[in-house]
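Numbering (this note's numbering), first residue to last: 407 to 786.
Below: one structure, written as structure tokens.
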Ligand SMILES: Cc1cc2nc3c(=O)[nH]c(=O)nc-3n(C[C@H](O)[C@H](O)[C@H](O)COP(=O)(O)OP(=O)(O)OC[C@H]3O[C@@H](n4cnc5c(N)ncnc54)[C@H](O)[C@@H]3O)c2cc1C
């Protein structure tokens, strides 16, 4: 839709904005709140293309995870130990910031633990995890304060009723949040601090000029503001041509309530490519991107039938074998990935800062990344 901005709209809504934050996911909201905390006089506006945030933050699984063992072992193949531990520390600190900002009750935060599942075919990777567990407990324990964060809990397998699973490694300090409550609380917090939020605001292009940043909208008109923080995560390639951010789609399902559900906690299957948890007596299950990697390298929402079939099979044969389970609904979300698991927080031009590429860890790390982005925006 193309239209001109009226005098009233321009003067009353978009005049004198000091910082425009693009994107109202966890990062954009945390950044905007932090900007107002650092300087309450700043006029901060969030420009969001969706009626709600529509990327990853309202569509994720709500694991407050900072690294299961196979995930960290894999990360060590792509980055140095110091780099991997630095990201774990950021995830852990970020989670504490989120909990301070929103409050455990508003997040529905529960530390029920995260379980990594190993099948018969995964015996050798399980053995490797087991061998390295004392070392991991010592190194990660320095960050979390948990001396025995990871432990083998095969004795819990019969209680969960899984089929074809041979081993379980529990990550005790891993928790879960209610994603919808978290985002709703963050939105309210932003509004309470005086942040303005404009929805349906699709940005096409940014131009950093000597007079400020020109924000070109899809509607044919342009705004000019002194500073911009871009928090569009998986859409950074589309908006800023940032090749270092790879969009990746994830398929998710939720079941109807299951009588006497035995699953409690967060579960990582097939090295974390699949994940599931309990919520409101139901199972939320997602992932499987590895089954059709190329097709899922997209920032468009939409079903992938091959992956959906695999998710149903996993649900029926491994997670709830022999139980009557009905699917309530499906959705998709868009991640922003990179060759290494490290968010990008940097200035791409004097007045444009980006805080993007949160991978599958934005619940834990997003608040901290937003706050770092905010500090960079107002740094000289
Ligand atoms: C299915 C799924 C499951 C996940 N599970 C977990 C999990 O359990 N634990 C975990 O820690 N992480 C998980 N993640 C990752 C986590 O959700 C993300 O890392 C985090 O939400 C990223 O937040 P963000 O604010 O950077 O981006 P987003 O939430 O994607 O927000 C970006 C916003 O920018 C807006 N935008 C984009 N382009 C424009 C434009 N041109 N103009 C205006 N606005 C624009 C979008 O509409 C969107 O609202 C999951 C992700 C998905 C998709």
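Backbone N, C-alpha and C fix where the C-beta goes; we use that ideal spot for every residue, glycine too.
Own chain partners of residue i with C-beta closer than 6 Å, once the 5 adjacent residues on each side are dropped
i	result
residue 440	777, 780
residue 679	693, 696
residue 602	451
residue 596	435, 438, 439
residue 792	In the structure as shown, the chain begins at 407 and stops at 786. Residue 792 is therefore absent and cannot be evaluated.
residue 675	523
Ligand 1 heavy atom lying under 7 Å from the CB of residue i
i	result
residue 696	no
residue 466	yes
residue 455	yes
residue 741	yes
residue 764	yes
residue 710	no
residue 619	no
residue 735	no
residue 512	no
residue 609	yes
residue 524	no
residue 586	no
residue 430	yes
residue 460	yes
residue 641	yes
residue 433	yes
residue 656	yes
residue 438	no
residue 767	yes
residue 645	yes
Residue i beta carbon near ligand 2 (any heavy atom closer than 7 Å)
i	result
residue 471	Questions concerning ligand 2 fall outside what the structure shown contains, since the ligands it does hold are ligand 1.
Cβ neighbours of residue i in the same chain (closer than 7 Å, five flanking residues each side left out)
i	result
residue 756	614
residue 566	668, 669
residue 422	449
residue 673	521, 523, 681, 682, 683
residue 583	468, 470, 513, 514, 515, 769
residue 618	630, 631, 632, 757
Start-to-end residues for the beta strand (DSSP E) that takes in residue i
i	result
residue 653	652 to 661
residue 507	That residue, residue 507, is in no beta strand (DSSP E); its alpha helix (DSSP H) goes 487 to 508.
residue 739	733 to 743
residue 629	628 to 631
residue 573	571 to 577
residue 611	609 to 615
residue 753	750 to 755
residue 557	556 to 558
Residue i, enclosing alpha helix (DSSP H) - first and last residue
i	result
residue 421	Neither: residue 421 is in no alpha helix (DSSP H) and is coded neither H nor E.
residue 775	768 to 783
residue 563	563 to 566
residue 539	529 to 550
residue 598	585 to 598
residue 645	642 to 646
residue 703	Note, residue 703: premise wrong, no alpha helix (DSSP H); not H, not E.
Same chain only: Cβ atoms within 8 Å of residue i, ignoring 5 sequence neighbours per side
i	result
residue 445	784
residue 550	472, 498, 579
Evaluate contact between the region 732 to 752 and the region 463 to 480, counting only Cβ atoms and requiring at least three cross-stretch pairs below 8 Å. Remark: three or more beta-carbon pairs, one from each stretch, lie closer than 8 Å, so the region 732 to 752 and the region 463 to 480 are flagged as touching.
So does the region 573 to 581 actually touch the region 515 to 527, counting three or more Cβ pairs closer than 8 Å? Touching, per the Cβ criterion.
Taking contact to mean 3 or more Cβ pairs, one atom from each stretch, closer than 8 Å, check whether the region 652 to 666 and the region 679 to 689 are in contact. A contact exists between the region 652 to 666 and the region 679 to 689.
At least 3 beta-carbon pairs within less than 8 Å: the region 607 to 627 vs the region 408 to 426: A contact between stretches requires three or more CB pairs, one per stretch, nearer than 8 Å, and the region 607 to 627 meets this requirement with the region 408 to 426.
Are at least three pairs of beta-carbons, each pair with one atom in the region 636 to 652 and one in the region 424 to 434, less than 8 Å apart? Touching, per the Cβ criterion.
Using 8 Å as the threshold, is the region 552 to 560 in touch with the region 478 to 497, meaning 3 or more CB pairs across them? Short answer: they don't touch.
Take every Cβ of the region 486 to 497, pair it with every Cβ of the region 638 to 657, and state whether three or more of those distances are shorter than 8 Å. Verdict: no, contact absent.
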